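There are 2 protein chains.
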Amino acid sequence: MPRNVNYSELTMTAPERPLRADARRNRESVLDAAGELFAQRGDAVQMEEIAERAGLGVGTLYRHFADKQALLAAIIGRRFEAMTALARAADEASDPWAAFETLLYGYLESAQADAAFRFALLGPEEPSWNDIAAEKTDFSAITERIVRRAIDAGHLREDFRADDFVLITRGAMANMTDARNWRRHVTLLLEGIRGPER
Amino acid sequence: MPRNVNYSELTMTAPERPLRADARRNRESVLDAAGELFAQRGDAVQMEEIAERAGLGVGTLYRHFADKQALLAAIIGRRFEAMTALARAADEASDPWAAFETLLYGYLESAQADAAFRFALLGPEEPSWNDIAAEKTDFSAITERIVRRAIDAGHLREDFRADDFVLITRGAMANMTDARNWRRHVTLLLEGIRGPER
DNA sequence: TCAGAACCGGAATTCAGCTTCAGGTTAGAG
DNA sequence: CTCTAACCTGAAGCTGAATTCCGGTTCTGA
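Quick note, the sequences are listed as chains A and B, same order. Numbering-wise (my numbering), the first sequence opens with residue -5 and increments by one. Numbering-wise (my numbering), the second sequence opens with residue -5 and increments by one.
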């Protein structure tokens, strides 16, 4: 007889008994509220605030998620899934460079809109986010393929590595204080900053 | 009759009465201890830990610095001064590109060695760090001159701006998880990542 | 050498947030 | 309709870390 079961598992193993209707509804509210607030102010939001926005008591948050980390992980997990979907879509493009740009800018636009996402990507690895590691692997595989295509088509320098994609995105995210800074950063990266006299 | 005077003013207006010998010595110990620890783990160190490393009680820290922020500000301020000195030195180089590279890599190597410095540069503007703003102005002026020289000599693209220097450094600092990542990042930036088929 | 201002130590206090828990409520099976 | 497991609430408890406070200690000028 578990008292405070954690249904936040991202792996979709259905719980023995489905949630009661009100519980399912509330869980959704929590996820929505947390999603918005985390996206807006990252880690800094308080549990109480999330509960209020969801129209629930704090206790209810804890019925659905073991702790703040678990809630954050659930939110982050969603974003990662979306990102993998984005990568998959980008890979559809027949033009290799279009695929690369779609992936890069799509990724960064998502990051711009979501402080929690940036937080997860820029900060140190959270050991509690194991579920996310698997998602990352999927994403990386697709990225790898897109990068390779761009190289083979001569759009990226020969020695470009998928890891470099991470470098670029981290760099850009660090410049997201202002809406246009990160675009400038990416532009400089893509075009290079050396002059004619190099 | 002030009780707990804040001598952390970075502006060197000497206090009415010079500090007692032991006090001056202790102040130095605090600065040293805090400098090392902040450099190592940034914001995350605790006052108690700093006190211990300095061989003093916490109360003593608070005799010299109003609060943790003030102590951090004092440390950061020192780094900024060093950075301005570095810029001045770089500007001495007769070769414009050498000057630019010296500045860029010197700046980044310092950042690599100091988490507190990165923290101050990457995080949002702290309102309590007013003293540092002045130092920043000096630094910016020199950077501006170095950038201009590099452009005029044809080593940097015409539309390069001093602000871009900030973009680059922020980007690189975000990639300082691993010692060589940021160098790769800078290299990509300088050389560009587009292939022959651009 | 001595008084007392300046200084120091570190236990006690404060505080902000997360988390728990002892009841009250409600969905929904029978 | 009834009963009860599942659910919800939010005040109270807990925790970790900053900050205070005051009795004791140490400089230093006379």
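A virtual CB, placed ideally from N, CA and C, is assigned to each residue, including glycine. Small disclaimer: the values here were computed from a predicted structure and weren't measured.
Does DSSP put residue i in a helix, a strand or coil?
| i | result |
| --- | --- |
| Arg112 of chain A | helix |
| Glu13 of chain B | According to the sequence as given, residue 13 of chain B is Leu; it is not Glu. Three-state DSSP puts Leu13 of chain B in coil, outside helix and strand. |
| Arg18 of chain A | helix |
| Leu50 of chain B | coil |
| Arg188 of chain B | strand |
| Asn0 of chain B | Only weak support is given to the placement of Asn0 of chain B: the predicted model assigns it a pLDDT of 36, under 50, and the question is left unresolved by the model. |
| Ala8 of chain A | Because the pLDDT at Ala8 of chain A is just 47, under 50, the model does not fix this residue reliably, and the point stays unresolved. |
| Ala60 of chain B | coil |
| Ala45 of chain A | helix |
| Val24 of chain A | helix |
| Gln40 of chain A | coil |
| Ala87 of chain B | coil |
Can you name, in chain order, every residue of its own chain whose Cβ lies under 6 Å from the Cβ of residue i, other than the five neighbours on each side?
| i | result |
| --- | --- |
| Leu4 of chain B | For Leu4 of chain B, the pLDDT reaches just 34, beneath the cut-off of 50, and the residue's location in the model is therefore unreliable, although a value from the coordinates is still provided. Same-chain partners within the cutoff: Gly71, Asp125. |
| Leu98 of chain B | none |
| Asn0 of chain B | Per-residue confidence for Asn0 of chain B stands at a pLDDT of 36, beneath the threshold of 50, marking its modelled position as unreliable; no derived number is given. |
| Asp37 of chain B | Phe113 |
| Ser2 of chain B | In this prediction, Ser2 of chain B scores a pLDDT of 38, lower than 50, which makes its location untrustworthy; the coordinate-derived value is nonetheless stated afterwards. Taken in chain order, the residues that qualify are Phe59, Ala64, Ala68. |
| Asp172 of chain B | none |
| Ile140 of chain A | Asp85, Ala93, Phe94, Leu97 |
| Gly29 of chain A | Ile69 |
Give me, in chain order, the residues of the same chain whose beta-carbon lies closer than 8 Å to that of residue i; leave out the 5 immediate sequence neighbours on both sides.
| i | result |
| --- | --- |
| Gly51 of chain B | Ala45 |
| Arg73 of chain A | Ser104, Asp108, Ala110, Phe111, Ala114 |
| Ala76 of chain A | Ser104 |
| Leu116 of chain A | Arg164, Met167, Ala168 |
| Glu120 of chain B | Gln63, Ala67, Ala114 |
| Thr137 of chain B | Ala81, Leu97, Ala156, Phe159 |
| Ser122 of chain A | Gln63, Ala64, Ala67 |
| Phe133 of chain B | Phe74, Met77, Thr78, Ala81 |
| Asn20 of chain B | Ala48, Leu50, Thr54, His58 |
| Trp176 of chain B | Leu102, Gln106, Ala166, Met167, Asn169, Met170 |
| Ile145 of chain B | Arg151, Glu152, Phe154 |
What does a CB cutoff of less than 7 Å around residue i pick up in its chain, not counting 5 residues either side in sequence?
| i | result |
| --- | --- |
| Thr96 of chain A | Ala84, Ala87 |
| Arg(-3) of chain B | Annotation note: pLDDT 34 at Arg(-3) of chain B (below 50); position unreliable, coordinate value reported separately. Within the same chain, Arg(-3) of chain B has no close Cβ partners at all. |
| Ala33 of chain B | Ala107, Asp108, Ala109, Ala110 |
| Leu31 of chain A | Val39, Glu43, Ile44, Arg47 |
| Met41 of chain B | Val52, Leu55, Lys62 |
| Arg35 of chain B | Ala109 |
| Arg143 of chain A | Pro90, Ala93 |
| His179 of chain A | Gly165, Ala166, Asn169 |
| Leu183 of chain B | Ile162 |
| Gly100 of chain B | Leu80, Ala84 |
- Item | Contact set between the segment 39 to 57 of chain B and chain A, restricted to residues whose Cβ is under 8 Å from the partner | Identification of residues in the segment 39 to 57 of chain B having a C-beta nearer than 8 Å to some C-beta of chain A yields an empty set.
- Any contact of the segment 87 to 107 of chain B with the segment 155 to 175 of chain B, i.e. 3+ C-beta pairs under 8 Å? By the Cβ test, the segment 87 to 107 of chain B is in contact with the segment 155 to 175 of chain B, since at least three Cβ pairs between them sit closer than 8 Å.
- Message: So if I threshold CB-CB distances at 7 Å, which residues from the segment 70 to 88 of chain B count as touching chain A?
- Response: Listed in sequence order: no entries.
- Message: Counting only Cβ-Cβ distances shorter than 8 Å, please list the residues of the segment 165 to 177 of chain A near chain B, keeping chain order.
- Response: For chain B, the residues of the segment 165 to 177 of chain A that bring a beta carbon within less than 8 Å of one of its beta carbons are Gly165, Ala166, Met167, Ala168, Asn169, Thr171, Asn175, in chain order.
- Query: Can you list, in chain order, the stretches of the alpha helix (DSSP H) that have 4 or more residues and sit fully within the segment 111 to 146 of chain A?
  - Reply: Segments of the alpha helix (DSSP H) lying fully in the segment 111 to 146 of chain A: 124 to 146.
- Message: I want to know whether the segment 49 to 69 of chain A touches the segment 17 to 30 of chain A - three or more CB-CB distances under 8 Å.
- Response: Inter-segment contact for the segment 49 to 69 of chain A and the segment 17 to 30 of chain A is present: three or more beta-carbon pairs are separated by less than 8 Å.
- Which of the residues in the segment 141 to 152 of chain B, read from start to end, lie with their CB under 9 Å from any CB of chain A? For the segment 141 to 152 of chain B, the set of residues with a beta-carbon nearer than 9 Å to any beta-carbon of chain A comprises Ala144, Ile145, Ala147, Gly148, His149, Leu150, Arg151, Glu152, in chain order.
- Item | Three or more C-beta pairs below 8 Å linking the segment 139 to 150 of chain B and the segment 183 to 190 of chain A | The segment 139 to 150 of chain B vs the segment 183 to 190 of chain A: in contact.
- Query: What residues in the segment 116 to 128 of chain A bring their beta carbon closer than 9 Å to a beta carbon of chain B?
  - Reply: Answer in chain order: Leu116, Pro118.
- Ordered list of alpha helix (DSSP H) runs contained in the segment 147 to 179 of chain B, each at least 4 residues: Counting only runs of 4 or more, we get 156 to 168.
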